[in-house]
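In the working numbering, the protein residues as written are 4 to 501.
The beta-carbon is built from N, C-alpha and C at its ideal position, and this holds for glycine as well.
Keep in mind it's a predicted model, so treat the numbers as computed, not measured.
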RNA sequence: CGGGGUGUAGCGCAGUUGGCUAGCGCGCCUCGUUUGGGACGAGGAGGCCGUGAGUUCGAGUCUCACCACCCCGACCA
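Set out below in structure tokens:
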């Protein structure tokens with residue numbers, strides 16, 4: 004089938020869009036999600052003003068709406084890190100080349116996507132500086148300096164920063180030349196303790212995805228081929244998107260002693276012997292914003308779960324008489340007192356329809372309309388963004404009913420995402436079945452695999468599906484590899500990755 | 001890195017076999033009338049036609065080179 008190119012497509016679409024306002028319910032300028040999810044995705048992000056393209060290739064600008072969502076995520080993670088006694092720090096952006104090359108697997112993993120500074124102050128640098136693709140190396144150089152005794156452990160530091168990876172192809176939030184994330188790096192005296200840390204971090208990630216972004220998270224371990232360069236074990240939270248592709252939501256790595264041996268992070272243990280620290284690292288990036296858009300958005304635009312919505316309730320006064328505006332402001336004050344984030348849209352010269360569409364596009368969970376009718380009856384008209392449902396609520400008790408409604412929405416959005424994921428999850432026992440699922444609907448596929456990387460590669464080549472993880476709760480199941488028929492012990496989860 | 005496409009007003013685009021003062025829609029500004037699902041009228045502002053060279057009496061239009069961006073595939077959070 005011939006794929007029309009983006010440009011010729013938007014050309015014809017722009018024409019139909021301009022004229023189709025009355026013909027369909029389509030949001031002006033937003034490609035329907037079902038028609039082309041990738042165009043829809045970009046349209047929604049740009050037009051909701053979450054983010055925009057920048058003059059730098061592959062790098063985007065996080066606009067206030069996008070950044071505010073990121074700040075809620077940061078707050079949620081910081082809270083959890085604090086409980087784990089992880090402290091925030093900041094390390095340099097530029098890393099001396101010699102440091103980066105210390106861990107062999109690590110360099111090899113990142114070499115193709117490094118940005119390198121060779122000139123500084125108009126002069127060739129004696130040693131090149133690497134723009135960090137991640138900070139293991141520079142942090143561990145310092146860890147070596149700071150850690151000498153078992154009493155210096157555990158050391159648990161996090162930083163919120165930006166990293167650069169020279170991606171060939173970029174995509175809003177999901178894959179960028181520069182992205183924002185947090186990277187935490189811990190060092191421990193014992194492996195059981197560091198492994199516990201790996202899992203605790205993974206739990207925190209899953210919690211934030213589920214409780215804040217309302218997206219179910221599948222926890223598991225990565226295959227050898229998919230693990231982080233330099234890690235012994237990589238654990239992951241995998242998310243299912245509505246188009247049947249999986250997104251790696253965050254990763255938490257057991258680094259063993261790989262880095263502590265190359266960076267000489269050594270300490271004297273309780274017995275007085277020299278030992279190398281057991282390390283972990285874990286990260287969560289702005290890719291999660293992409294997951295949020297994909298998972299919940301619809302043809303009307305963005306849909307934000309209340310917990311990460313900068314505006315949870317928008318009040319639109321219908322008409323511009325002063326009493327009405329005053330009513331709206333009073334409601335806002337009352338709602339703010341109970342912790343609801345509210346905006347009153349008093350902009351003049353815009354029709355009601357225009358405002359409704361504008362706030363729908365921006366994903367505000369609840370729209371509250373106050374007009375003559377509402378004031379007379381004492382009941383406000385409420386529109387719920389994610390379901391499109393409308394309700395009538397007693398104005399006098401909004402400060403009690405709206406917080407409850409927001410919780411209800413948060414829960415309903417998760418339920419909906421969970422149903423979608425279940426519908427997108429299959430268990431197969433033959434390769435024919437496997438291929439059929441990949442052709443028809445994709446999604447998560449649970450299949451027995453012998454854990455031979457050769458099979459993994461073949462499956463990926465033939466179906467585009469790679470191993471996403473071995474779920475943490477997977478039970479041992481003796482059987483035959485879905486591809487080669489050799490003995491297999493576990494059912495791995497496969498999917499096409501974003 | 002391979003394949004495709006596009007550069008003309010803030011955005012989306014049209015611009016005929018080269019021709020005179022470069023156009024349309026949306027958006028923007030001013031004034032007025034409006035506001036229960038993207039309001040209307042009148043007036044107005046806004047252009048090194050991606051960059052450079054060439055052909056020509058004359059280039060948005062033809063030729064060449066370059067640059068940039070977008071889309072599709074192999075790698076990555």
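**OP:** Give a yes or no on contact between the segment 162-174 and the segment 220-239, applying the rule of three or more CB pairs nearer than 8 Å.
**Re:** The answer is no - the segment 220-239 does not touch the segment 162-174, with fewer than three Cβ pairs under 8 Å.
Original post:
If we ignore side chains and look at the alpha-carbon of each, how far apart do residue 182 and residue 128 end up?
Top reply: 26 Å
**OP:** Would you kindly work out how many angstroms separate the C-alpha atoms of residue 124 and residue 97, rounded to a whole number?
**Re:** 15 Å
Original post:
Thinking C-alpha only, which one of 245, 291, 340 and 277 is nearest residue 251?
Top reply: 291
Subject >> Buried/exposed call for residue 23, threshold 16 Cβ in 10 Å >> reply: Low per-residue confidence applies at residue 23: pLDDT is 30, beneath 50, and the placement is therefore not dependable, though the value from the model is reported in the following sentence. The residue in question, residue 23, is exposed, as its Cβ has fewer than 16 Cβ neighbours within 10 Å.
**OP:** Quick one: using the 10 Å Cβ neighbour count with 16 as the cut-off for buried, is residue 255 buried or exposed?
**Re:** buried
**OP:** Would you give the residue range spanned by the alpha helix (DSSP H) that residue 376 belongs to?
**Re:** 375-380
**OP:** Output the boundary residues of the beta strand (DSSP E) element that contains residue 169.
**Re:** Where residue 169 is concerned, there is no enclosing beta strand (DSSP E), given that its DSSP letter is neither H nor E.
Subject >> Residue of 106, 340 and 346 minimising C-alpha distance to residue 314 >> reply: Selected option, being the one with the closest Cα: 346.
Subject >> Of the residues 187, 105 and 216, the one placed nearest residue 73, counting alpha carbons only >> reply: 216
Original post:
Taking just the CA atoms, how far does residue 458 sit from residue 486?
Top reply: 6 Å
Original post:
Is residue 354 helix, strand or coil by DSSP?
Top reply: coil
Subject >> Close-in-space but distant-in-sequence residues of the same chain around residue 304 (CB under 8 Å, 5 per side omitted) >> reply: Closer than 8 Å at Cβ, skipping near neighbours: 30, 33, 47, 50, 51, 363, 364, 365 and 366.
Subject >> Segment contact, 8 Å Cβ cut-off, at least three pairs: the segment 316-323 with the segment 352-359 >> reply: yes
Original post:
Between which two residues does the beta strand (DSSP E) carrying residue 447 extend?
Top reply: 447-452
**OP:** Taking all protein chains shown into account, decide if residue 93 is buried (16 or more other Cβ within 10 angstroms of its Cβ) or exposed.
**Re:** By the 10 Å Cβ count, residue 93 comes out exposed.
Subject >> Classification of residue 449 by the beta-carbon crowding that lies within 10 angstroms, buried from 16 upward >> reply: buried
Subject >> For residue 346, three-class secondary structure by DSSP >> reply: strand
**OP:** Give the DSSP bridge partners of residue 188, in chain order.
**Re:** 160 and 284
Original post:
For residue 28, is the classification buried or exposed, using 16 other Cβ atoms within 10 angstroms of its Cβ as the cut-off for buried?
Top reply: A caution first: residue 28 carries a pLDDT of 44, below 50, which makes its placement in the model too unreliable to give a value.
Subject >> Nearest to residue 499 (by Cα), restricted to the options 427, 477 and 456 >> reply: 427
**OP:** Determine the direct distance from the alpha carbon of residue 203 to that of residue 341, and round the result to whole angstroms.
**Re:** Taking the Cα positions, residue 341 is about 32 Å away from residue 203.
Original post:
Tell me, which residues are paired with residue 490 by DSSP?
Top reply: 483
Original post:
How would you call residue 441, buried or exposed, if buried means at least 16 neighbouring beta carbons within 10 angstroms?
Top reply: buried
Original post:
What is the DSSP secondary structure of residue 35, reduced to helix, strand or coil?
Top reply: In the structure shown, residue 35 sits in coil (DSSP, three-state: anything other than H, G, I, E or B).
Original post:
Given 8 Å as the limit, is there contact between the segment 452-467 and the segment 207-223, that is, 3 or more CB pairs closer than that?
Top reply: no
Original post:
Which stretch, first to last residue, makes up the alpha helix (DSSP H) that contains residue 413?
Top reply: 401-426
**OP:** If I'm right that residue 298 touches residue 218 with Cβ under 8 Å, what's the distance once you round it to whole angstroms?
**Re:** The pair is a contact, with the Cβ atoms about 5 Å apart (cut-off 8 Å).
Subject >> C-alpha distance - residue 110 paired with residue 232, whole-angstrom precision >> reply: 8 Å
**OP:** For residue 178, I'd like the list of residues in its chain whose CB is within less than 6 Å of its CB, leaving aside the five on either flank, ordered along the chain.
**Re:** 170
Original post:
Buried or exposed: where does residue 403 fall if 16 or more other Cβ atoms within 10 Å of its Cβ makes it buried?
Top reply: exposed
Subject >> residue 60 CB to nearest heavy atom of the ligand ADP below 6 Å >> reply: Ligands displayed in this structure: none; no statement on the ligand ADP is therefore possible.
Original post:
Do the CB positions of residue 126 and residue 99 come within less than 7 Å of each other?
Top reply: no
Original post:
Taking Cβ positions, are residue 262 and residue 436 nearer each other than 7 Å?
Top reply: no
Subject >> Ranges of the beta strand (DSSP E) found wholly within the segment 224-289, counting only runs of at least 3 >> reply: 236-243, 248-259, 269-271, 277-279 and 281-288
Original post:
Which same chain residues, not among the five before or five after residue 306, have their C-beta less than 6 Å away from its C-beta?
Top reply: 299, 300, 366, 388 and 389
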